[in-house]
Every structure is written in C-alpha cells, then in structure tokens.
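Count along the sequence shown starting at 1, add 41, and that's the number in the numbering used here. Okay, structure first, notes after.
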Amino acid sequence: MGKEAAKKGGAAGRYYAAKGGENVGCGKRHALFCNHLRMVLFVFGLMGSFFLLDSLMLTVIHHFNLHRRGSLQRRRWIVPQNVKSEIPTEERAEKIMYARLLALASAAISKNEIHDSIELFKEPNNQTSTWRSCSDQGNQIPQVVVGRTRTRSGYILVSANGGLNQQRVAVCNAVAVAALLNAYLVIPNFLYSSVWKDTSQFGDIYHEDFFMNYLKNDVDIVKELPSHLQSLDIEAIGSLITDNDIRKESTPEYFLRVVFPLLLKNGVVHFYGFGNRLSFDPLPLDLQKLRCKCNFHALKYVPRIQEIGSLLVRRIRKYNSSLNMLDEHLLGKHMPHAPVRRNDTSTSPVKYLAMHMRFEMDMVAYSLCDFDGGEKERKELQAYREVHFPTLTMQIKNNNSLSPEESRSLGKCPLTPEEAAIMLTALGYSSRTYIYLAGSRIYGGRSRMLSFTRLYPNVITKEDVLTPSELAPFKNFSSQLAALDFIACAAADVFAMTDSGSQLSSLVNGYRIYHGRDHAPTIRPNKKRFARILSENRTIQWHDFGERVRKMVQENQRIIARRKGRSIYRLPRTPGCMCKY
C-alpha cells in the first residue's frame, strides 16, 4: 500500500505512504525535506488545537457573563407592566458619550485611588446652621380682606394634575388659598395622567384624618361637598377655573380680586389642574408658614406605605439598628425601633447613597437634548412629544425652541447615567458604595445603565429589595411606588440629584433640609458648570476634573437662606417656614 501511495507522487502521497521507516516513500534525496514537512505540519496542528481550545473557553466564559449580567440586569431594570407601552423594550447598543473620562474614572477606581471616607456622608466643612424647623409652632390664623369669621365664603374643589410630587405641591398651595379666602377645602382629587397611568386618590396615599386634624385650627377641610352643591354644573355657572384661566404663580391679590367674588356668588369654585398657580413671593408670612406646615408636617403617608417603606429602608441599611433623624417624620409608628435580622448575619450595616436618576422618557423628550442615539432616537422622542407635549411640539415646528447644543450648554439636559457615574467617582465614592436608585424606568434600559453599573455594581432598587408579594399592592400605582422612593431617598445618608427640575428631587431636598438639622447632605450639581467641565473631556486630566467637580458640588452645598421667588418646598430656609436662632 505504501508503494502504491508513493507512486501517486507529490509530498502528500509520500507522506501518507509512510509506515514506520523514517524516509519511506521519500527517497534519500528528499529525506531532509520530508522531516521538515512533518515538523511543520505537527506545529501547525498543535497551534490549531490551542486556538480551538482557547476559542471554546472564551465562548463559554462570554456566554456565562452575558447570562449572569443579563440575569442581574433583568432583575434590576424590570419595566413595570403599566409603563411598558411608554418605553421601547428592544435591546440597544450601549451609548457612551465620554469614553475617555469613563476610562479615567474606571482606572481611578480599579487602582484603589478612590476610597470611601466618612466625610462623604456628612455635610461639608462641618457647617452648622442656625436655621431650625418651626412652621408647626403656634397657629397663626391667616387674615383676609373681609376678616376671618366662622362663616365661610364657600367651598374650594381642587383637581390636581401631574405625578405624586406635583400633586403634593398643589395640595399645600390649595390649603393656603382656602385659608386666604376663608373657604372650606374639600379633600383634593387627583387627576388621571396619560404619563403616570395611576388612579390613586388622596386617601390611597396620605392619611386623610391626620391631615384634616393637623390643620383644623388653620383651615376647615371636609371630605365632600354638601348635598345641595353636589348637583351643580360647576362649569355652567362659571366656577370652573383651569390652568388656562389663571397664570402661573399668581399673587394673593389675584385670588382676592378674581376668585373671591366668584366664590361668594356661587358658593363653590373648582381649580382644575392647579399646577404651581400660587406665587412664592410676595406672600404673607402666615400663608408661607401654613403651606410649610402642610408639606412638612400634615401630609403623612398611609400606614401600609409607611410599613413597606420602613421595611425597604431597613433592608437597604442591612438591618442597621441606628436611626436616621428623618425616620420618625417619614415612618411614624412604623419607624425601625429595633433591627430585624436575616439568616445571614455576617453582613455589616452600611451607609447608602440614594439617587433619583431622572432619565426617564418624559424628561428626556421634554429636554429637547441629544443623547447620541442617532436618527432613531430623535424620531422616537419626537413621536413621544407629539402625544404628550403638543405645545412643545408646536414650538419646535415654529422654531421657537433651543437647539440641543444650546440646551446642553445652558445646563438644561438631565444627567445621563454615564455622567452621574463619572460625577460620583470624581467626588470620591468608591465602587463599594451602596446606591439606591429611585425610579427604574431609565430611558434606553440596560444599555444606558451599563456604564453606571460597571463603576458601581452595588446598585439596588425597590424591586431588588422588596419581594414581589410585598410590592404587589402597589404594582399598578406609580404614585404609591413613588412614595416608597421618596421615603428611601429622604432617609438616605446622602441624596444625589441629577436634575433640579425633578419634583421628587426638589421635595426630597427640602424635606432633608427641614428635618435633617444639617446632617442630611444632598449632592446638587450645577448642570451648566458641569456641562462646561464635560466639554473638555478630550483633554482634561483626571485630577483637574475631580477638583473642579468637587468645587462645583461644595459651592451648591453652602447653607444659605432662600432667595426671593424660589420654592419653599425645595428651599425651606425662609421666615415662616424655618426660624433662625
């Protein structure tokens, strides 16, 4: 057989003819050539085996990592059923806007250049303030033109629009207006929103009886209109007042001049919408005091929200028995008096940072900013605006809106998860930091969060901490879920804002200032300055970047009184709301 194979000629024929003799089929003249050939083929075969084995190992590892990461991300970024129609669910490529800075941040963390310090969880520079909460002290009765008597001028109905926190502001503004006009206030109604898709009413979220009783010396609150007014066609008699009928932040004089006569004539007025319709200044001191009293004292969550909120906070803290000074105000009798232990007692208690990542689709669409998502993203956001923000859509068509570049330079764009992660790293928070993320409806989903979770893997949401059965009663009620986020954020060791236009962030910030006694630090980036710093991302050194970011945040943490025209709900250091001792 060897001879037959050899007769076929060629190196291959001579090779396959070999049976044991060193040079069978080669001949003496080609012995050296055959030896070299066998050696070359052996080396190539060995190398091929190594490459094949390596490829198989990488495939297995890659598959395992994808499966593990996908499992974690699916657990963390589950989109609630009631909002699935609002958020694109298909997988997207990861979006990275600042690759160089992200790499520098990652290098700083991996080299252990970033170390958590206890100072990161305290107010900076050991600031001590002489401002203390006092809106609950005494009961100053507001005075109106006609004088306050037991005879009321009529009934005020309020149908508040927006989400939980916009409605909270409307409620307290309504309390002040009812006191101003010497009227009864009917427990406010919450309008259904196409954005939030929540049917919750006041009594589903706030403790009605506590609210009415706490404010009884300031304003008379009733649960419904008297029977003789219930059959009235309020619109037909001219007592329906929409947001189109009353300008934003109207003064008390407007309500006395326009609304008060209508109230006396018809016995009832109905404010429909009532979004930010009462000014912050000028406002009598007693009215300022009253709406602070409403916001910071009278509005308590119902027991079932307090109970689950308490469980949420204890689990985030890993069952730490130490209490936060805000716990009692947030949780009432459900505050965690004693630690509740899990089976695993080896884990030490932790401090945690809470962040409201206001990068949800409505905010992203409304900002008119560009987030490197290409034409597909632009069309998607424009389609959302046409449904939910028709007025803004008209402004765009009439060229009355800012360009994406102008919006970013003016600090009008919400921080992306990538920008938020870079900021935290620059401030000195290590990868070990526990971060509670409020609101998990991140626009772009997992792909948008990858840059954040790579730097900060200990990210948790209420969906991670609470069981499905514990969350079930709140499943289709976004406002009640937002109440749990409010509790977790307000009780945090540090709270970080990513967009000052967020009502949740603003109200949490004010709540921490009012009740925190200067021991509840909040990170408030100046987005305009941060945008300028980020614009140098191709050249700036990490050390310089960190210094500028820290200076930016520290300047925003200075203890200052509220400036004229600013929100008392966000900045309560103002006479009537807080007292200076």
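Idealized CB from N, CA, C, for every residue including glycine.
CA-to-CA, the gap between Asp284 and Gln436 works out to about 19 Å. Taking a cut-off of 8 Å for Cβ pairs, the segment 143–154 and the segment 500–516 do not touch, as fewer than three such pairs fall below it. Excluding the 5 residues flanking it on each side, His429 has same chain C-beta neighbours closer than 8 Å at Ser235, Val236, Asp403, Ala406, in chain order. By the criterion of at least three beta-carbon pairs nearer than 8 Å, the segment 455–475 is in contact with the segment 582–594. DSSP, reduced to helix, strand and coil, places Gly350 within a helical segment of the structure shown.
The criterion of a C-beta distance shorter than 9 Å is not satisfied by Ile246 and Ile349.
For Arg573, DSSP records no beta bridge to any residue. Less than 9 Å divides the Cβ of Glu290 from the Cβ of Asn317.
Across the set Ser471, Leu409, Met398, Pro344, the C-alpha of Leu409 shows the shortest separation from the C-alpha of Glu427. Phe337 sits away from Ser543, with the two beta carbons spaced by 9 Å or more. A Cβ-Cβ separation of about 22 Å leaves Ile287 out of contact with Ile262 under the 8 Å criterion.
Annotation for Thr292: Ser320 place their beta carbon closer than 6 Å to its own, counting only its chain and skipping 5 residues before and after. In the structure shown, the three-state DSSP call for Phe251 is helix. Our two residues, Lys152 and Arg473, have alpha carbons roughly 13 Å apart in a direct line.
Counting the other Cβ atoms within 10 Å of the Cβ of His269 gives fewer than 16, which makes it exposed. In this structure, the CA atom of Phe400 is about 44 Å from the CA atom of Pro267. Contact between the segment 590–598 and the segment 561–572 is present, with at least three C-beta pairs closer than 8 Å.
Cβ neighbours of Gly203 within its own chain (closer than 7 Å, five residues either side excluded): Ser234, Gly316. The C-alpha of Tyr425 is placed about 18 Å away from the C-alpha of Asn440. Rounded to whole angstroms, the gap between the alpha carbons of Ser174 and Gly617 is 9 Å. With a contact defined as Cβ atoms closer than 8 Å, Ala220 and Leu328 qualify at about 7 Å. Under the three-state reduction of DSSP output, Ser547 falls in the helix class.
Here Arg141 is exposed. Its C-beta has fewer than 16 other C-beta atoms within 10 Å. In this structure, Gly414 lies away from Gly486, with their beta-carbon atoms at least 9 Å apart. Gln521 is the residue among Tyr622, Gln521, Val549 whose C-alpha sits nearest the C-alpha of Pro344. In the three-state DSSP reduction, Ser291 falls in the strand class (E or B). Counting only runs of 3 or more residues that sit fully inside the segment 194–243, the beta strand (DSSP E) segments are 196–201, 225–227, in chain order. Taking 8 Å as the upper bound for CB-CB distance, Lys330 and Gly373 are not in contact here, some 23 Å apart. Nearest in C-alpha terms to Gly551, of all of Cys530, Val299, Lys568, is Cys530. With respect to the 9 Å criterion, His397 and Met490 are not classified as neighbours on the basis of their beta carbons. Residue pairing by DSSP puts Ile262 in a beta bridge opposite Leu226.
The C-beta of Ile476 has 16 or more other C-beta atoms within 10 Å across all chains shown, which makes the residue buried. A straight-line Cα-Cα distance of about 5 Å links Pro455 and Asp540. Between Arg553 and Leu367 the beta-carbon gap is near 7 Å, inside 8 Å, which marks them as a contact. Ile574 and Leu451 have their alpha carbons spaced roughly 13 Å apart. Comparing alpha carbon positions, the residue from Asn517, Ala572, Tyr555, Cys213 closest to Thr171 is Tyr555.
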